[in-house]
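Below: one structure, written as structure tokens.
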């Protein structure tokens with residue numbers, strides 16, 4: 005899958021999650037994936053002009069991913085312990101694997117939202 009197709013796929017899948025929104029954040033030149041007004045992913049160019057997606061993960065998982073995959077690096081402009089960036093031109097990771105990481109990021113953010121919002125999200129749509 006080429007980069008544009010991968011971006012379209014991840015954007016479409018990101019929008020399917022309960023309460024999730026994906027919109028251009030013009031000042032960052034990136035697509036911001038949010039739930040409950042909290043960022044769960046960011047997709048755009050890094051300083052080297054590579055198209056990346058940055059997602060939240062558990063520190064131990066992030067460390068393992070960075071060790072195992074050359075295309076996974078510390079989160080671009082994010083907390084380096086809790087966020088990772090994935091080069092979207094990679095062939096190391098399939099779309100399905102990146103989607104799993106995107107959904108994990110979503111769930112980590114939802115877990116930190118107020119209980120009221122979490123309940124509203126559960127009532128809105130099945131949280132994948």
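Numbering (the working numbering), first residue to last: 5 to 132.
A virtual CB, placed ideally from N, CA and C, is assigned to each residue, including glycine.
Computed from a predicted model, the values in this text were never measured in an experiment.
Cβ pair residue i, residue j closer than 8 Å
{"i": "residue 14", "j": "residue 57", "result": "yes"}
{"i": "residue 21", "j": "residue 36", "result": "no"}
{"i": "residue 23", "j": "residue 33", "result": "no"}
For residue i, the three-state DSSP class (helix, strand or coil)
{"i": "residue 52", "result": "coil"}
{"i": "residue 41", "result": "coil"}
{"i": "residue 94", "result": "coil"}
{"i": "residue 84", "result": "coil"}
{"i": "residue 46", "result": "strand"}
{"i": "residue 131", "result": "Only weak support is given to the placement of residue 131: the predicted model assigns it a pLDDT of 49, under 50, and the question is left unresolved by the model."}
{"i": "residue 112", "result": "helix"}
Rounded Cβ spacing between residue i and residue j (contact assumed at less than 8 Å)
{"i": "residue 88", "j": "residue 53", "result": "The pair is not a contact, with the Cβ atoms about 19 Å apart (cut-off 8 Å)."}
{"i": "residue 109", "j": "residue 91", "result": "With 8 Å as the limit, residue 109 and residue 91 do not qualify as a contact, their Cβ atoms being about 17 Å apart."}
{"i": "residue 105", "j": "residue 59", "result": "5 Å"}
Alpha-carbon to alpha-carbon, residue j and residue i
{"i": "residue 85", "j": "residue 78", "result": "8 Å"}
{"i": "residue 115", "j": "residue 19", "result": "18 Å"}
{"i": "residue 41", "j": "residue 26", "result": "11 Å"}
{"i": "residue 64", "j": "residue 70", "result": "10 Å"}
{"i": "residue 125", "j": "residue 72", "result": "34 Å"}
{"i": "residue 107", "j": "residue 80", "result": "19 Å"}
{"i": "residue 55", "j": "residue 100", "result": "18 Å"}
{"i": "residue 103", "j": "residue 11", "result": "11 Å"}
Residue i burial status per 10 Å Cβ neighbour count (16 or more: buried)
{"i": "residue 17", "result": "buried"}
{"i": "residue 127", "result": "exposed"}
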